[in-house]
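Down below is the structure, laid out as structure tokens.
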Amino acid sequence: MTFQVIFLEALKLTFCQHEDVGAFCGFCKRLRSFKPEKSQYTLNLDTVIVHGNVLSAEVTTVDTTEEKRTTLWHYALKLSALKDATFRIELDEADPLYPRYRSQLALNGEPKPDGLKLISNENGKLTLSNIQGHKVIITAEPLKFEFVNLAGDTVVVINDNHQLLIEPLRVRKEKLDDEDSNVVEVEEEGTWGENFKSHHDSKKRGNEAVSMDFSFPEADQVYGIPEHTDKLALRTTTSGDPYRLYNLDVFEYELDSRMALYGAVPVMYAHGAKHSAGIFWHNSAETWVDVINYADSTVVSSLVNLVTGGQKKRVDARFMSEANVIDVFVFLGDKPNDVLRQYTAITGTAPLPPKFSLAYHQCRWNYVDEADVRSVNEGFDTHDLPADVLWLDIEYTNGKKYFTWDPVKFPTPHDMVANLTAKGRKMVIIIDPHIKREAGYFVHEDCTDKGYYVKDKDGKDYEGWCWPGSSSYIDFLDPVSSQYYSDRYLYENFPGTSKDVHFWNDMNEPSVFNGPEITMPKDCQHYKPPQDGHEGVSSYWEHRHIHNEYGLFVIRASHSGILKRDEGKYRPFILTRAVFAGTQRYAAVWTGDNVAEWGFLAVSVPMCLSLAAAGVSFCGSDVGGFFKYPEAELMTRWYQAAAYQAFMRAHSHIETKRREPWLYDASTLALLRDALRKRYALLDFWYTLFYEHTLDGLPVTRALYQEYPNEEETFTIDDQYLIGDKLLVRPVVEPGVTSVKVYLPGAANNVLWYDVDSYVALPARGYFTQDVTIAKIPVYQRGGSIVPRKERVRRSSALMADDPYTLVVALDTDNKAHGTLYIDDGETYEYLNNKHIYARIDYEPSGITYSFIDDKAHYPTRSWVERIVIAGIKTPPKTAKLIQGDKQTALQMTLHKGNDVLVVRKPGAKMAQEWRITFSY
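Oh and the sequence shown: position 759 is 763 in the numbering used here, straight run, nothing missing.
Here it is as structure tokens:
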């Protein structure tokens, strides 16, 4: 029995059990039932042309049901070799009835080309190679692609299971009614329209779905395709629904589910002990993904065992999209970090965020008026709690009309913001994409008069329902409409805002309360650039084509407008709920409307890890849960966990009990304060990691397997994670526990891990049981690393800019350690003009060196080194001396023998200059 047969048999087990879940999932049913014994697609070898980095050729399908095979359809194939071990396959109809949509915003510019060389063309196979030596073997009949890495391993196979399918666009058939000679349309069921509950989806282009299967030999697990509440390692879908990628506003979403949420990033990574690989399905239409892991303890593995006598390491996946072209990027790794970097090289890294955005955010739907904002602002100071941002939800507006203020509750927004900025704090306010249809509202009047709205299926302004009631939605695909929206953010168009007011784009899936699945109908019409000779359905894009990209169009327009306010001087901060590939270039993300329950705290870890692997490192969850009320233990554990996630915002529903930290009892308040202080102590560490992400494209928060790819135990761990490669965090996400299981990786390399509170060194030993109290979650620093901290926590991060550093040096078994530090002004783009510090800190037994990685860059910081903590020191030096410029200073040291910690006290080294400390023994 072949893998192809096993794949098909597995899918037959539970064919399409999502009838009641998806809106118009007819395409998934059709494609999931498409199981030919042999692929109908054939490469015409006579048409192959290789030029530069591109192979182009014709692909045909044949009717295999007739005695004499007849070519049915012609397709244009393009295979491109790209830099960094990446390939791209594009497949479209050679002469389509209408142009098919191609995602416009996911890619960060045109991918960089590599060279492509045809090595051989024989026996019905082509073998090609890029400059580095990665190979692609193309079998002509049936069409199949095999990608081979430098070690000679086949890491990705495409169409091995014969699931390649492109539904060709067709003309709707008509016939004459014999009685009155009227033209009667022939309605093929599901082809030209579908029903879902009370909604009808008219499909004027007919069926246009695409499908392709991918096999990952020697893979133990696959990851990616967020956003779901499933495990980090994706599970076999034969016993239920496929994973669904379709941005939706999901009220109180379920746990342990493959169903659609707010985000849809169609990237998948495969990993095994031998190698890693990945694919990016570049498609913004609704997409379903089937997964079969042949090592799973399911009927699939039973089939494999029956045939092979044992489990086989291989994972198969199948992507099915309702529309658009086949456009897929293949990443050949070889290690997890290589694949992750290859993806961000295509879709972009997150830009360096303003520093305040990495601090603590306080939000609620809603702080009711300016007095309420003032009271909350003062509450943080009264209770000695740091905070950087206060947020306003939709009630700040004048009748839910965006770009306005309620004249009674928020009559002096400029003064309100000034009260915050006086303490170094900022404000974030919400701007949703739905526009209230109210006469006299300037945005609605402009969009109506100038035709800026999305159109319904009949070409009229689409009207749906959202928070304001009757609403319409700006068509961001139209550059003129998008620019109009961007300009609403200008100070002159939005009085009361300043550079210290930032924005939150919510409901941008888009959410439509009376729409199918609470979103926009798929047959709505979007702008398409005019093309000669095209009219009718070819003169616009349908919402089905662009749905998962809509939110990305929204935040791009917002980003452009905010950036323009001060002529590009200041870095914008935007939070988005809808997510697609490339979102990371514009906004941070949170995991949506979660619930104050332990399961939602636990799932925030794999959800953010999955998003980080998909390029979106700036991720967090609503601290405490959006719905319901967290009792003291849950709230404490959530603050402790969120202190070590990239985005930390407390947020709650308008109908929940108020939950500012000081509203809890005194002991709980003390614990929340401690969690916030730990967050602020590490802000410069977080900031450095985000800067380094702009350089290397690696996630800021990482699953353990990404840094320890040869340890099979790490492949499915998703209840703990790494911050960079230096801190390991295991949040406590269970109630009433006094201990938790922790996995310490790196035993093969004798890695040490230091408890960040006690500095006690623990050798990497796999799983062990760690005692915890309500005041502690397990956090460890890797031996061989240096982490910068600021222990003087003030009311906001801005007030800590010039405060001194504590350098925590955790020694490895060779008594060495290394770290980095990044410093700039925290808010402008001047860092791009070499106005920053990017430094390396090296510890060896002979001393410590602080040197600039980029010696052309400088920044006049007044910060200095207050303390150096060296953990794991076995032979302490007798004397220490600071050398900075022409000055040499003897230093004081204190040895704590109980935990092998040496503290260098007040060295006074200035961070604006290079320096070194020498030890003598």
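Cβ coordinates follow ideal geometry from the N, Cα and C atoms, glycine included. No experiment lies behind these values; they were computed from the predicted model shown.
Nearest to Val-175 by CA position, among Ile-162, Thr-195 and Asn-165, is which residue? When each option's Cα is compared against that of Val-175, the closest is Thr-195.
Could you check if Lys-42 is buried or exposed, using at least 16 other CB atoms within 10 Å of its CB as the buried criterion? With fewer than 16 other Cβ atoms within 10 Å, it is exposed.
Where are the beta strand (DSSP E) runs, 3 residues long or more, that stay fully inside the stretch 28-86, in chain order? 45-55, 58-66 and 75-86
Using three-state DSSP, classify Arg-174 as helix, strand or coil. coil
Would you list the one or two residues that DSSP bridges to Pro-117? Leu-86
Measure the CB-CB distance between Ser-625 and Ser-608 and report whether it falls below 9 Å. yes
Buried or exposed for Val-812, please, with buried defined as at least 16 other CB atoms from any protein chain shown within 10 angstroms of its CB. Buried, because 16 or more other Cβ atoms sit within 10 Å of the Cβ of Val-812.
How many angstroms separate the CA atom of Lys-461 from the CA atom of Cys-528? 5 Å
May I ask you to verify whether the stretch 205-225 touches the stretch 249-258, counting CB pairs closer than 8 Å and requiring at least 3? no
Short of 7 Å in beta carbon distance, which residues of its chain neighbour Asp-479, apart from the five on each side in sequence? Order them along the chain. Tyr-456, Tyr-457, Val-458, Ser-485, His-530 and Tyr-531
Bridge partners for Arg-920 per DSSP, in chain order? Arg-920 pairs with Thr-853 and Ile-887.
Given a cut-off of 9 Å, decide if Val-764 and Gly-728 are closer than it, judged by their beta-carbon atoms. no
Nearest-angstrom beta carbon gap, Gln-644 and Ala-679 [assumed within contact, 8 Å]: 5 Å
Residues that DSSP places opposite Tyr-784 in a beta bridge: Leu-732 and Asp-759
Between the alpha carbons of Pro-514 and Gly-701, how many angstroms are there, rounded? 29 Å
Burial state of Pro-533, where buried means 16 or more other Cβ atoms lie within 10 Å: exposed
CB-CB under 8 Å to Val-25, same chain, minus the five flanking residues each way: which ones, in chain order? Low confidence applies to Val-25: its pLDDT is 45, below 50, so where it sits in the model is not reliable enough to give any reading.
Lys-430 versus Tyr-298 - alpha carbon distance: 51 Å
Asp-482 to Asp-816, Cα distance in whole Å? 56 Å
Under 8 Å by Cβ, that's how I've got Tyr-842 and Ile-852 pegged, so tell me the actual separation to the nearest angstrom. Not really, about 17 Å apart at Cβ, beyond 8 Å.
Going by CA-CA distance only, name the one from Ser-801, Glu-831, Gln-774 and Asp-846 that's closest to Ile-790. Asp-846
In chain order, which continuous runs of the beta strand (DSSP E) of length 3 or greater are located wholly inside the stretch 590-671? 592-594 and 652-654
Please report how far the alpha carbon of Asp-722 lies from the alpha carbon of Val-329, in whole angstroms. For Asp-722 and Val-329, the distance between alpha carbons rounds to 34 Å.
Three-state secondary structure (DSSP) of Ser-185: Confidence at Ser-185 is low in this model, with a pLDDT of 48, below 50, so the placement of that residue is unreliable and no value is reported for it.
So, under 8 Å CB-CB, Ala-752 and Gly-788 are touching, yes? Tell me the CB distance rounded to an integer number of Å. Not a contact, Cβ separation roughly 15 Å.
Beta-carbon proximity list for Asn-153, same chain, < 7 Å, skipping 5 on both sides: His-138, Val-159, His-279, Leu-336, Gly-337 and Asp-338
Tell me the rounded alpha-carbon separation between Trp-77 and Val-319. 31 Å
For Ile-691, which residues of its own chain have a beta-carbon under 7 Å away from its beta-carbon, when the five flanking residues on both sides are left out? The sequence as given places Tyr at residue 691; Ile does not occur at that position. Here the set comprises Lys-359, Leu-362 and Tyr-826.
Does DSSP classify Ser-206 as helix, strand or coil? strand
In this structure, how does DSSP classify Ile-123 when only helix, strand and coil are distinguished? strand
Just how far apart, CA to CA, sit Leu-579 and Val-432? 9 Å
Val-447 vs Phe-414 beta-carbon contact at 9 Å: no
Write down every uninterrupted run of the alpha helix (DSSP H) in the stretch 490-559 whose length is 4 residues or greater and which is fully enclosed by it, in chain order. 547-550
Using the three-state DSSP reduction, which class does Val-332 fall into: helix, strand or coil? strand
So, helix, strand or coil for Val-776, using DSSP? coil
Below 8 Å, how does it come out for the stretch 562-577 and the stretch 826-838: are there three or more Cβ pairs, yes or no? With a cut-off of 8 Å, the stretch 826-838 and the stretch 562-577 count as touching, because enough Cβ pairs lie within range.
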